Structure formats: C-alpha cells, structure tokens
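Colleague: Following this message is one structure expressed as structure tokens.
Residue numbers (the UniProt record's numbering): 1 to 145.
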C-alpha cells in the first residue's frame, strides 16, 4: 500500500488523501523515510565535521550562498525565491530540531533534493562536497547564528 492509501474519513479524517497537493508533496519524503528509510547510500551516515565556531561560520556562508534564497536567512522558509514555490520551502529552523532530522535524513534531503518528491528543492550532491553539506547542517543545528 502506498503513502496515499489513507483517505479523508478514515482514521479520524487524517491522512495523505485529506491533505492539499502541496502538503502531500512535502510529506512524501517524510513518509518514505518513516516507512522505507533513506536510500542505501545514506544509511548510517554521520557528520564528518565537529560544530566548532569555525565550522559553523563556514556553514553559515554556505547556507547563505546555497539555501537562504528559498529557506530564508533565518531558516523560516521565507526566502524571496521560495515565495512562489508549491510546496513552500521547509521551515528549517524548527525542522532541524525534530527527532526525524537525523544526520542520514538531512544528508539525503540536501544531497538528492526533491525531484523524486516533485518539489523544487535542488540536489546539491554535484555542487557541494559532502563536508560542505555537513557544515550547512552544523550551522542549522547551531540555531542559525
């Protein structure tokens, strides 16, 4: 049974079928992670960088150059380039604090982007090194200082 198996009226009216199209797109990655895990290439991934002040500062620059235009400078999903996107960019400030957003999940999401889930999130695996992605994650987890 696929992620769209729940329909409005089932399970108290909650389910993928009762969400709008944008929300369904956003939830597809979460559903996939919770039910299938990340692709093999990302399973067990752990950050290769320590969140030192230098790493967080480098992560900030990388975030501003690659992510802020959509996700906003403070991770609130309010960047100028993201305003017309459906679904809207994730609110990273709160998302990175959730249990779901472990290392392997974040590396997967940033590296592969949203093409599989029909979102505009670009894949960064060709344009950023894995260490640079880890620096961005360190910056976000530091609370967008």
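We put the CB at the ideal spot given by N, CA and C, even for glycine. Please read all numbers here as calculations on a predicted model, not as lab measurements.
Given a threshold of 16 other Cβ atoms within 10 Å of its Cβ, counted over all protein chains shown, does residue 53 qualify as buried or as exposed?
Modeller: exposed
Colleague: Going along the chain, which unbroken runs of the alpha helix (DSSP H) with 4 or more residues stay wholly within the stretch 58-122?
Modeller: 68-71, 92-95 and 103-112
Colleague: Grab me the residues of residue 44's own chain with a C-beta within less than 8 Å of its C-beta, minus the 5 sequence neighbours each way, in chain order.
Modeller: 104
Colleague: Tell me whether the stretch 123-130 and the stretch 75-91 touch, counting them as touching only if at least three CB pairs, one residue from each stretch, are closer than 8 Å.
Modeller: Three or more Cβ pairs closer than 8 Å define a contact, and the stretch 123-130 falls short of that threshold against the stretch 75-91.
Colleague: Kindly indicate which residue of 66, 102 and 135 has the alpha-carbon position closest to the one of residue 37.
Modeller: Comparing alpha carbon positions, the residue from 66, 102 and 135 closest to residue 37 is 102.
Colleague: Considering just the uninterrupted stretch of the alpha helix (DSSP H) at residue 135, what are its terminal residues?
Modeller: 130-141
Colleague: Compute the Euclidean distance between the alpha carbons of residue 47 and residue 56, then round it to the nearest angstrom.
Modeller: 13 Å
Colleague: According to DSSP, simplified to helix, strand and coil, what is residue 36?
Modeller: helix
Colleague: Does residue 61 pass the burial test, meaning 16 or more other C-beta atoms within 10 Å, or should it be called exposed?
Modeller: exposed
Colleague: Quick one, which of 99, 139, 120 and 84 has its alpha-carbon nearest residue 30's?
Modeller: 99
Colleague: Please go through the same chain and pick out, in chain order, the residues whose beta-carbon is closer than 7 Å to the beta-carbon of residue 133, but skip the five residues on each side of it.
Modeller: Within the same chain, residue 133 has close Cβ partners 107, 110, 111 and 124.
Colleague: Roughly how many angstroms separate the alpha carbons of residue 42 and residue 24, rounded to a whole number?
Modeller: Distance between the alpha carbons of residue 42 and residue 24: 23 Å.
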